[in-house]
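Here the protein sequences come in this chain order: A, B, C and D.
Here the UniProt record's numbering is used: the first residue of the first sequence is 1, the next is one more, and so on.
Here the UniProt record's numbering is used: the first residue of the second sequence is 1, the next is one more, and so on.
Here the UniProt record's numbering is used: the first residue of the third sequence is 1, the next is one more, and so on.
Here the UniProt record's numbering is used: the first residue of the fourth sequence is 1, the next is one more, and so on.
Idealized CB from N, CA, C, for every residue including glycine.
Predicted model only: the values in this text are computed from it and were never measured.
This report refers to the structure that appears directly beneath it.
Protein chains: 4
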Amino acid sequence: MAVRAAVAGASGYAGGELLRLLLAHPEVEIGALTGNSNAGQTLGALQPHLLPLAGRVLQETTPEVLAGHDVVFLALPHGQSAAVAEQLGPDVLVIDMGADFRLADAAAWEGFYGSPHAGTWPYGLPELPGARAALEGSKRVAVPGCYPTAVSLALFPAYAAGLAEPEAVIVAASGTSGAGKAPKPHLLGSEVMGSMSPYGVGGGHRHTPEITQNLSAAAGGPVSVSFTPTLAPMPRGILATCSAKATDGVTAESLRAAYEKAFADEPFVHLLPEDQWPATASVYGSNAVQVQVAHDTAAGRIIVISAIDNLTKGTAGGAVQSMNIALGLDETTGLTTIGVAP
Amino acid sequence: MAVRAAVAGASGYAGGELLRLLLAHPEVEIGALTGNSNAGQTLGALQPHLLPLAGRVLQETTPEVLAGHDVVFLALPHGQSAAVAEQLGPDVLVIDMGADFRLADAAAWEGFYGSPHAGTWPYGLPELPGARAALEGSKRVAVPGCYPTAVSLALFPAYAAGLAEPEAVIVAASGTSGAGKAPKPHLLGSEVMGSMSPYGVGGGHRHTPEITQNLSAAAGGPVSVSFTPTLAPMPRGILATCSAKATDGVTAESLRAAYEKAFADEPFVHLLPEDQWPATASVYGSNAVQVQVAHDTAAGRIIVISAIDNLTKGTAGGAVQSMNIALGLDETTGLTTIGVAP
Amino acid sequence: MAVRAAVAGASGYAGGELLRLLLAHPEVEIGALTGNSNAGQTLGALQPHLLPLAGRVLQETTPEVLAGHDVVFLALPHGQSAAVAEQLGPDVLVIDMGADFRLADAAAWEGFYGSPHAGTWPYGLPELPGARAALEGSKRVAVPGCYPTAVSLALFPAYAAGLAEPEAVIVAASGTSGAGKAPKPHLLGSEVMGSMSPYGVGGGHRHTPEITQNLSAAAGGPVSVSFTPTLAPMPRGILATCSAKATDGVTAESLRAAYEKAFADEPFVHLLPEDQWPATASVYGSNAVQVQVAHDTAAGRIIVISAIDNLTKGTAGGAVQSMNIALGLDETTGLTTIGVAP
Amino acid sequence: MAVRAAVAGASGYAGGELLRLLLAHPEVEIGALTGNSNAGQTLGALQPHLLPLAGRVLQETTPEVLAGHDVVFLALPHGQSAAVAEQLGPDVLVIDMGADFRLADAAAWEGFYGSPHAGTWPYGLPELPGARAALEGSKRVAVPGCYPTAVSLALFPAYAAGLAEPEAVIVAASGTSGAGKAPKPHLLGSEVMGSMSPYGVGGGHRHTPEITQNLSAAAGGPVSVSFTPTLAPMPRGILATCSAKATDGVTAESLRAAYEKAFADEPFVHLLPEDQWPATASVYGSNAVQVQVAHDTAAGRIIVISAIDNLTKGTAGGAVQSMNIALGLDETTGLTTIGVAP
């Protein structure tokens, strides 16, 4: 019996990627597709790469349209999910791809998003300690942000194993799809091709408190986070370069052992062989995470680098993975670790 | 019972794309992988996006290694397939992704490739008139070149329906993976990013006789072909802009009707709605072909534009599609019309 | 004594490129800069690459602001130049970088632009027969479109020498800056990187009548033009692939001789050595035009390929070159044939 | 009286960029051009963007060929400069664009480069404390590496002013031209477009000791450096994200004041207005450095981000700037702070 899924926000990049994955998911039947400003248009005009859905027409995002599904994915602007979720009833699995329910700290939410905190849902990054169990059977899931996915998976094993001092420094490069489909001058192809540029520098990016939350939980105490995101001239992908001072006694061997152990049973996280480094091209369109670690003895730091596809593992793939767990399906159903390269 | 497949030439772009598709093919079990200069290396080092095969080691391309498979794919340099194919026996399905067996005209072969003509095998572009039937049950398949795939699918309906004068003018842009993985200065990222450039101008490209062969067959008489390939700053994709003088009496309606009819039952060729034009991004990683037609009444020409992924429908996807037909499987098994975008 | 120049429309790509060139022009002093929707902003925020002008503030485009200059450049949306030009007086050199005064055929203007025809000014492509003389001392210049620049320079020698039949087929690829700086969804970096796509197919592009006008003038009779523009994943550059049936008796030698003769004294047009083909990267940021010709004897066609920078020779460089001629300065002042590569 | 300049290594990216700048330098006459493996070829074939030099033929790199010039630029592989320099005589200005004479610490040189240390020359980064004076009248100049240029200019003011703890963490993204023109598989366009990847992680990059040397000099004591370079999908540009713990009492105001003071008289370093961040596109082809600073009070760190063109200010522009100083010319002669954008 198929799982019937609706997607609210089907015209954007997150919604499009989700539909790409759901079309390949053997247990899912795609139901209602909504998109407010684009309601009435065909998906063929908005997502021309999704040929099997080309004739589908977007509807308004209303409780009536979203009713009657087993799963409802919300790919809405930040702050709009709570109102929609309330109307869906407790038995529907609601998977929020926005930020509304990611943070436990109401003050952090309000400081970074400027609106009242809506609550906290089980967090859709099953690789984190305890996260998988919280997702099993849950009817509500908060899908992590793309940067927090890349960064948290890179650093949590070091913090969980006590190998890193609680001051993390992170510089991450993201493809432009992370900035969404709303046209803005600085996102024009003419502007981004050939250019690297930072934004949200100095702690201002909204993903900072989410990263802090995850690393602090892994460390069992507060971790301070210096996070600098940069925009890279590519459509997809995140490369996160993460480092912290090594605690006393850390060696290259103990560092690697901690990561081997942390990811030994993970289907999507791949610690690369010692001489190989992650590249975003290798995870293009896949749900895989590539990770590599190094111990810089001269600087006394551990460096961990991860690569993900921001739209797949960083958004829609993480959402499908969480859905699988919540519904009791095999976690890897409909997902792949095979990238599209070159 | 699984189809056991070997891939000779697994380290290049065609071989890598083929493996990406075979990994997702429910009827195929991946057997021997070979690559002469890279024999002994792991696939993880050469094709880091194919995580499930990361530990596989490349072997030498020998008859012994390739023995015992149901299907052998040859992704070898032009001119090397015949010698390998001879040793494989008549009961093995051999699918040549090189040029060796594409041309019926021995003189054209020798003029463009400079070596003796090896023969002619059933042509792996099932959408062409008569091609599908020739592939059914065949033990030998010559996979078309990437440009001939894009161009022939764009123009054969016009020639088959008598709508175009027999002088075709084609300008096509290809992503850099079409030029292969052997490092050459003009293919460096520093050179190709930000640059469009032509090559093989004036009839010199090796795909010209193959296009001529296909269009002449569709027209039932000789078609002259002016073909100019250009290198575009993107990894994948072909956009083929094809035109010819319209024959007397052609109208926009008759033109469109001919294309609707030609592609009505084709699972992979998609004639776009009238106001929409192909884009290579929409077929990234998919086996789909997007086509659109126009009748320029002022210039008296029909213009047909097609977009494919040169590595998928243009090479490895075409190979898998042909394998499915040759083996009696559903033609679409393991293939998708869903692109990875943006 | 410096030439004092104002730029109306300084916030867009054409205006920015013009300022880049004027800053390097030894005879020009940059005066008023205007931009309606951006009036009041600093140029540093809008054109951060023009550091020497970072503190300049954009003004409204009014006759008062534009008064008191020797030259006024109009980089305005199509259809807005005539009203501004009228108010500038007959003694000011007005250089229109828009389309308003390019076409001699009022019906063609009205058909393609949908507004009344404003008139015809001397055409700022001095390499065309007779054009240079018309520019000398002129107080009004219509700068050509970027595609017409690339295409007309590629084909006029063949038409002027009677080497080509009067049916030209042109496919050109342009960088995204040709589409301007106004944010539109299909121009987002996420959409254009990795993608080639056509637009204005079938004769619909506004540059078609301008190309037709130029080639017909060179041929001394009507030339029909099939023109297909495509959007390429790069910020700048046009590669124009142009062909036509060769007239009787054309040889590779006669073709090359005609082009050598046509460009022998041209400072900016460079016929490449016989084994070398144009690449847009080679003319990045320069006013040079690279051209190469071929005679395809099998198809009976001549193929001419040109590469320009759409913003430099295709817009702002052409404007400065025309200004130099109109003012009696050396034509090459402030311009270069040196590209920025790789 | 013109300065006569020879360039050894004119076929590579550094040599090509140097020639681009020298062609625009009013005091320089370009003399001998050499390139060993390419000797005998025309520059037009190797550097097709340098049209004015298209007919020049490369010669062998011999003392005879290099004799008779006022300045000799060495754009040779690391380790080859010393032998050539020895033969040039003490009165010739020799500007080494390789690494041979950058490091004062012979052990660091031998550890990172694996060959005997050749010596230490005045360092061609005039913005560093004391550097300009050492260059004046010097006959030998060691041009800095591209990363050290970007990083040292970003961080030296903080260390010189005592605002940063002596543990710097740097993540930098570079365009592919930084990796040179020798064709290698991982530098193919197919591989780099759409991909971000790190290399030399954990302190292994050869620019690490050079950065350490510069920052330690500014701090007046040892600074440890964690440096991670990444390869970005663009031809040119470096974006360096640099941070360190703030010392006690640092404020956003004191931080900004230190940078304003450090760069107040620098013609090429531009501290951006407070709300604007560097982008590599803005310095494309220019000798400018864009810098911005932030104080992250939550993380207790200062973050400084700089953008340069790795080939211009990072290599050839730095070389010309140093030449100007050494020869007593105006430091900015032949150089620009105007980028080519978009």
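Partners in chain B for residue i, counting only beta-carbon separations shorter than 8 Å
i               : result
V192 of chain D : G189 and M193
Contact list for residue i against chain B, beta-carbon separation under 7 Å
i               : result
S177 of chain D : S190
Interface partners of residue i on chain C, CB under 7 Å
i               : result
T337 of chain D : L51 and P52
With 16 other Cβ atoms within 10 Å as the buried cut-off, status of residue i
i               : result
Q290 of chain C : buried
Q87 of chain C  : exposed
P222 of chain A : exposed
T280 of chain B : buried
A106 of chain D : exposed
A264 of chain D : exposed
T297 of chain C : exposed
K245 of chain D : buried
A133 of chain C : exposed
G12 of chain C  : buried
Nearest-angstrom Cβ-Cβ length linking residue i and residue j, presumed shorter than 8 Å
i               : j               : result
A75 of chain D  : A14 of chain D  : 4 Å
T208 of chain D : A172 of chain D : Going by Cβ atoms, the distance from T208 of chain D to A172 of chain D rounds to 11 Å, so no, they are not a contact pair.
G314 of chain A : I211 of chain A : At roughly 13 Å, the Cβ-Cβ gap does not stay under 8 Å, so G314 of chain A and I211 of chain A are not in contact.
S286 of chain B : T312 of chain B : 6 Å
E127 of chain B : E266 of chain B : 5 Å
V72 of chain A  : M323 of chain A : Not quite, the Cβ-Cβ distance comes to about 11 Å (not below 8 Å), so this is no contact.
A10 of chain B  : L19 of chain B  : 6 Å
Residue nearest to residue i in terms of C-alpha spacing, selected from the options
i                      : options                           : result
T228 of chain B        : C:A294, C:Y259 and C:G285         : C:A294
E17 of chain B         : B:V3, B:A2 and B:L46              : B:L46
H25 of chain D         : D:S195, D:S37, D:L329 and D:G40   : D:L329
P52 of chain D         : D:V201, D:Y113, D:I30 and D:L135  : D:I30
V7 of chain D          : D:H49, D:Y259 and D:S81           : D:S81
I338 of chain A        : B:L23, B:A307 and B:G12           : B:L23
D32 of chain D         : D:K245, D:P48 and D:G55           : For the record, residue 32 of chain D in the displayed sequence is Ala; it is not Asp. Per the Cα distances, D:G55.
P278 of chain B        : B:R301, B:C242 and B:A258         : B:C242
L270 of chain D        : D:E253, D:A288 and D:S254         : With the sequence shown as reference, residue 270 of chain D is identified as His, and Leu is not the correct amino acid for it. Here the closest residue by C-alpha is D:A288.
residue 343 of chain A : D:P157, D:P148, D:L155 and D:S306 : Nothing about residue 343 of chain A can be read from this structure; chain A reaches only from 1 to 342.
G79 of chain A         : A:E110, A:G12, A:E64 and A:D91    : A:E110
T247 of chain B        : B:A258, B:L155, B:I302 and B:G178 : B:I302
The ligand ATP heavy atom lying under 7 Å from the CB of residue i
i               : result
T280 of chain A : The ligand ATP is not part of the structure shown, which contains no ligands of any sort.
Chain-ordered neighbours of residue i on chain B, where CB pairs are closer than 9 Å
i               : result
M234 of chain C : M193, G194, S195, M196, A232 and P233
W277 of chain C : S197, P198, Y199 and V201
Chain C residues whose Cβ lies nearer than 9 Å to that of residue i
i               : result
K181 of chain A : P185, L188, S190 and E191
Neighbouring residues, chain C, relative to residue i (Cβ below 8 Å)
i               : result
G111 of chain B : The contacting residues do not exist; G111 of chain B stays about 10 Å from chain C at best.
Neighbour list for residue i in chain A, Cβ cutoff strictly below 8 Å
i               : result
M340 of chain B : This sequence places Val at residue 340 of chain B; Met is not what is there. R20, H49, Y284, G285 and V340, listed in chain order.
A173 of chain D : A173, M196, T230 and A232
Neighbouring residues, chain D, relative to residue i (Cβ below 8 Å)
i               : result
T239 of chain A : A quick correction: the sequence has Leu, not Thr, at residue 239 of chain A. Within 8 Å Cβ-Cβ: M196, S197, P198 and T230.
9 Å Cβ cut-off: residues of chain D touching residue i
i               : result
P267 of chain C : In chain order: nothing, as chain D lies at least about 10 Å away.
A288 of chain C : H49 and L51
Within 8 Å of chain D by C-beta, residues of the stretch 291-322 of chain A in sequence order: Under the 8 Å Cβ criterion, the stretch 291-322 of chain A contributes Q292, A294, H295, D296, T297, A298, A299, G300, R301, I303, I305 and A307.
Where the stretch 243-255 of chain C meets chain B: residues whose CB sits under 7 Å from a CB there: Identification of residues in the stretch 243-255 of chain C having a C-beta nearer than 7 Å to some C-beta of chain B yields S243, given in sequence order.
Proximal residues, the stretch 141-154 of chain A versus chain C, C-beta separation under 7 Å: Taking 7 Å as the Cβ-Cβ cut-off against chain C, none of the residues of the stretch 141-154 of chain A qualify.
Residues from the UniProt domain "Semialdehyde dehydrogenase NAD-binding" (4-136) of chain B in contact with chain D, defined by Cβ distance under 8 Å: Taking 8 Å as the Cβ-Cβ cut-off against chain D, the residues of the UniProt domain "Semialdehyde dehydrogenase NAD-binding" (4-136) of chain B that qualify are Y13.
The stretch 209-227 of chain A: positions lying closer than 7 Å to chain B by Cβ: Those residues of the stretch 209-227 of chain A that come within reach of chain B (Cβ to Cβ, closer than 7 Å) do not exist; the list is empty.
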